[in-house]
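First the structure, in the form of structure tokens, and then the observations on it.
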Ligand SMILES: [Zn+2]
Ligand SMILES: [Zn+2]
Ligand SMILES: [Zn+2]
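Residue numbers (our numbering): 2 to 195.
Right, dumping it as structure tokens:
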């Protein structure tokens, strides 16, 4: 397990989840040993591994990857990231609004401690999103996928009429697809209703 003191800016569970994903990729492509794209260090031990840069997708050792708001980037991509964050189609205010709304839905339905999933998704997707309309949808879909994949709650957010299926998000609403019914707008799920 990665140690928390190495990544004070990052919640432990996210580090663990991402490390598992990084390792899966490494194992999958393990015909040759992976090395840090900057310093060339061979990345065999878990504690050497930083992860993949969210922008260029290359792999780096832990010394050559910066993680801000749960999203890693390499030194070469730092300027590009700042530009996308500050001048892109999706503003910081948009990111904060979506994080707050999804964070509220997570908190109301599965409790505290999962808000960082929303932040990581929004901050990462902002870097690749050219229009505000699709941004919200993509972040919600991504958060829902993470909550399912990481077994936090495999039917999140559960439909109150049919607890075994999740609500799906489209056009600004959480919906029960079985009844074709709107349940709640983003950020308005309630415990027992989601
Ligand atoms: Zn390195
Ligand atoms: Zn990079
Ligand atoms: Zn339903």
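We put the beta carbon where it would ideally sit given N, CA and C, even for glycine.
Nearest to residue i (by Cα), restricted to the options the options
i	options	result
residue 124	157, 156, 59, 83	83
residue 156	86, 75, 110	110
residue 136	104, 101, 87, 96	96
residue 146	162, 184, 74, 107	107
Cβ separation of residue i and residue j, assumed to be a contact under 8 Å, to the nearest whole Å
i	j	result
residue 40	residue 78	The Cβ separation is near 16 Å, so there is no contact.
residue 184	residue 176	6 Å
heavy atom of ligand 1 below 6 Å from residue i C-beta
i	result
residue 130	no
residue 64	yes
residue 39	yes
residue 45	no
Under 7 Å between C-beta atoms of residue i and residue j
i	j	result
residue 130	residue 91	yes
residue 158	residue 190	yes
residue 117	residue 173	no
residue 52	residue 73	yes
Identified DSSP bridge partners for residue i
i	result
residue 67	74
residue 182	177
residue 50	62
Check: residue i C-beta below 6 Å from any heavy atom of ligand 3
i	result
residue 57	no
Residue i beta carbon near ligand 2 (any heavy atom closer than 6 Å)
i	result
residue 177	no
Contact with chain B by residue i, beta-carbon distance below 7 Å
i	result
residue 55	Although the question refers to chain B, the structure presented lacks it and comprises just one protein chain.
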